[in-house]
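*Asks:*
Residue numbers (the numbering used here): 133 to 288.
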């Protein structure tokens with residue numbers, strides 16, 4: 133939508149993903165992410181952590197079920213979505229404001245980890261390792277460049 137604030141954040145999951153279902157059966161997953169900036173202090177020759185940013189994230193439908201099945205506490209993730217601000221009064225009648233992300237995309241960070249992706253069958257739910265008929269990449273074999281010995285490949 134026009135005028136909404138899009139955000140991409142990389143951080144670690146603070147809690148396990150909490151999966152719930154609405155009365156109509158739609159899945160919604162909620163999790164919190166912490167992103168802490170780090171800077172190198174040349175005078176002490178050490179890394180220093182800045183103030184952490186903690187955000188609550190919500191993801192819906194099939195992506196919610198996938199997130200609950202895939203992600204776990206402590207995992208480094210990349211989250212992209214819309215930043216929302218919500219104000220409320222707590223039990224002591226103190227006005228509070230929180231910032232949350234309505235997640236459009238979420239996945240594990242591959243900077244220091246690897247992941248094996250399994251596509252869901254069309255229509256959601258069940259996972260399948262069989263190539264989908266409409267997926268032009270399904271079942272594709274590596275080309276000659278991918279079969280070249282590693283010693284022939286230039287370093288990155």
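The beta-carbon is built from N, C-alpha and C at its ideal position, and this holds for glycine as well. Because the structure is a prediction, the values reported are computed rather than measured.
1. Under DSSP, the alpha helix (DSSP H) around residue 201 begins and ends at which residues?
2. Use the C-beta contact count for residue 197: other C-beta atoms within 10 angstroms, 16 or more gives buried, fewer gives exposed.
3. Tell me, which residues are paired with residue 254 by DSSP?
4. Between which two residues does the beta strand (DSSP E) harbouring residue 215 extend?
5. Just curious, the beta strand (DSSP E) that residue 237 is in, first and last residue?
6. Quick check: what's the CA-CA separation for residue 190 versus residue 164?
7. Suppose you measure from the CA of residue 185 to the CA of residue 213; what does that come to, to the nearest Å?
8. When DSSP labels each residue in this structure, what does residue 150 get in the three-state scheme?
9. Please determine, among 225, 248, 233 and 202, the residue with the shortest C-alpha to C-alpha distance to residue 136.
10. Short of 8 Å in beta carbon distance, which residues of its chain neighbour residue 222, apart from the five on each side in sequence? Order them along the chain.
11. Just to confirm my understanding: we take residue 140, look at its own chain, exclude 5 residues before and 5 after, and list those with CB closer than 6 Å. What are they?
12. What would DSSP say about residue 167, mapped onto helix, strand or coil?
13. Please work out which residues of its chain come closer than 6 Å, Cβ to Cβ, to residue 208, disregarding the five sequence neighbours upstream and downstream, and give them in chain order.
14. Exposed or buried, what is residue 253 when buried is set at 16 or more other beta-carbons lying within 10 Å of its beta-carbon?
15. Is it true that the CB of residue 195 sits closer than 7 Å to the CB of residue 149?
*Replies:* If we stick to the structure as given:
1. Taking the chain shown and counting its residues from 1, one reaches residue 201 at position 69. It spans 193-202 - the alpha helix (DSSP H) in which residue 201 sits, taken as one unbroken run.
2. On the chain shown, residue 197 is found 65 positions in, with the first residue counted as 1. So residue 197 ends up on the buried side.
3. As a position in the chain shown, residue 254 is number 122, starting the count at 1. In DSSP, residue 254 forms no bridge with anything.
4. Counted from its first residue, the chain shown places residue 215 at position 83. Looking at the DSSP string, the run of the beta strand (DSSP E) that includes residue 215 is 208-221.
5. The residue given as residue 237 occupies position 105 in the chain shown. Counting along the chain, the beta strand (DSSP E) containing residue 237 begins and ends at 227-240.
6. On the chain shown, position 58 is the one that residue 190 refers to. On the chain shown, position 32 is the one that residue 164 refers to. Their Cα atoms are separated by approximately 9 Å.
7. Locating residue 185 in the chain shown gives position 53, counting from the first residue. Locating residue 213 in the chain shown gives position 81, counting from the first residue. Going by the C-alpha atoms only, they are around 16 Å apart.
8. The sequence position of residue 150 within the chain shown is 18, counting from 1. Three-state result, residue 150: strand.
9. The count along the chain shown starts at 1 and reaches residue 136 at position 4. Of 225, 248, 233 and 202, the residue nearest in Cα terms is 233.
10. The count along the chain shown starts at 1 and reaches residue 222 at position 90. The residues are 228.
11. Counted from its first residue, the chain shown places residue 140 at position 8. Closer than 6 Å at Cβ, skipping near neighbours: 212.
12. Counting from one through the chain shown, the residue named residue 167 turns up at place 35. Correct three-state label for residue 167: strand.
13. Working through the chain shown from its first residue, we reach residue 208 at position 76. Same-chain partners within the cutoff: 144 and 241.
14. As a first step, residue 253 must be located in the chain shown, where it is residue number 121. Looking at its Cβ environment, which holds fewer than 16 other Cβ atoms inside 10 Å, residue 253 is exposed.
15. The residue labelled residue 149 in the question sits at position 17 within the chain shown. The residue labelled residue 195 in the question sits at position 63 within the chain shown. Going by C-beta atoms, residue 149 is not nearer than 7 Å to residue 195.
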